[in-house]
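FYI, the numbering for the sequence shown is 36 to 377, going by my numbering. Comments concern the structure below.
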Amino acid sequence: MSCGASPRDHHPVRKRRQRLLPTLALPRRLPDFPILIETPDLTPWEKGNNGIAGVIERDSGMPGPEITVVSLIHGNEFAGAAASDRLLREDIRPICGVLRFVFANMAAFRRFNPENPTASRFIAEDLNRVWSHDRLDLPPGSVEMERAIELLPIIQRSDLLLDLHSMLWESAPLFISPQTERSIALAGMLSSRSDTQFLTLTDLGHVGGARLIEHERFMAASGAPASVLLEAGQHWRPETVEISARVIRQFVDNAAFLHFGARHTDNGAAHQATVTDNVVARSASFAFTEPYQGGHVIQSAGTVIATDGEDEICTPYDHCVLIMPNLCVRRGQLAVRLARRL
Ligand SMILES: [Zn+2]
């Protein structure tokens, strides 16, 4: 289904619909997502061992980078916390420098209820939209802001940071990094490993506020600190825990190598893409033409992937990657991101 050729291969993403198009009858309420993993028992880590609750430190005693593995920024995304818990119980240690595990929004995690599994993403506000100066400098107005300010000293000392997330809808795993050379190199290093060859994405940020990976420490034009976010798969599937554990190991085992300036020379770039468009649903009748999964590649520019009221949504270029399509999107929400392979 093509809208035809376009000048210089950038077809408009949104245009007025000229014909009736078949679309999916999408659910207006979320379907039931099965919970196939146990909620991890995090009681050994609740108090922490360095003065901050939910922060566990492993010091090698050797000089080296301070590296941080964050999970539970979103309380209902506990696959990353389950992987962190397992590796801590196996007594994972850094080769040099200091390794810290942060269980970020424990308060929201404790509220997880399998009967309503999406409700415990946060308590008062999204902990992954608050990491800018203008928010962090204000007196905290929510549980999440209090926690962000409590965790700030850890973030401000992190040379390398891995933030573990997962996705509600089925999707291929992917890495998201800020648009700095060093963070792209970190993502490229992780995705060049044979068992974690996922797409690495740079994107347009989030309109709702700065994510943890966008804290100024990682965004400065100069300096070494780098950050990457892993979307490891569907929230409550066992393979999402396995992927998170593999990526944590790669991150810990290769941190020193990256930190001390070794250029990564492998094929990470083969998996790179950049988000060019955030498609927000403008109507309540937004509907995809197929039940697309994240990571799906649409071969031709101008292919209609969704309708939105009187508009149709088209791919702007050939080989367009659909990032995390939301098959139950509501008006005003992000429906899908469109990415161009580099
Ligand atoms: Zn998340």
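Glycine residues also receive a C-beta, built at the ideal position from the N, C-alpha and C atoms.
For alanine 290, no beta strand (DSSP E) run applies; the uninterrupted alpha helix (DSSP H) run containing it begins and ends at 273–294, by DSSP.
With the criterion CB distance below 7 Å from any heavy atom of ligand 1, the matching residues run Ile108, His109, Glu112, Asn163, His200 and Ser201 along the chain. Residue pairing by DSSP places asparagine 313 opposite Arg372 in a beta bridge. Bridge partners of glutamine 269 according to DSSP: Met202.
In this structure, the straight-line span from the alpha carbon of serine 226 to that of leucine 377 is close to 15 Å.
Note that the C-beta distance between arginine 51 and glutamate 347 is below 9 Å. The count of Cβ pairs closer than 8 Å, one atom from the stretch 126–141 and one from the stretch 279–296, reaches three, so the stretches are in contact.
By the C-beta density criterion, aspartate 172 is exposed, having fewer than 16 other C-beta atoms within 10 angstroms. Straight through space, the alpha carbons of glutamine 191 and serine 212 are spaced by roughly 18 Å.
Contact between the stretch 88–99 and the stretch 253–261 is absent, with fewer than three C-beta pairs closer than 8 Å.
Cβ-Cβ separation between valine 276 and phenylalanine 321: approximately 32 Å, too far for a contact (criterion under 8 Å). Residue pairing by DSSP places aspartate 353 in no beta bridge whatsoever.
From the listed residues Ala142, Glu150, Asn148 and Leu265, the smallest Cα separation to glutamate 160 is found for Ala142.
C-alpha of alanine 308 to C-alpha of proline 351: approximately 14 Å in a straight line. The alpha-carbon of aspartate 194 is positioned some 6 Å away from that of alanine 261.
DSSP assignment within the stretch 86–174 yields the following whole beta strand (DSSP E) runs of 3 residues or more, N-terminal first: 90–94, 101–106 and 133–138.
By the neighbour-count criterion, in which 16 or more other beta carbons inside 10 Å mark a residue as buried, glutamine 334 falls on the exposed side. Under DSSP, the beta-bridge partners assigned to leucine 195 are Ile102 and Ala261.
The C-beta separation of leucine 264 from tryptophan 166 comes to about 12 Å, leaving the pair out of contact by the 8 Å criterion. If only uninterrupted alpha helix (DSSP H) runs of at least 4 residues are considered, those enclosed by the stretch 230–262 are 251–254.
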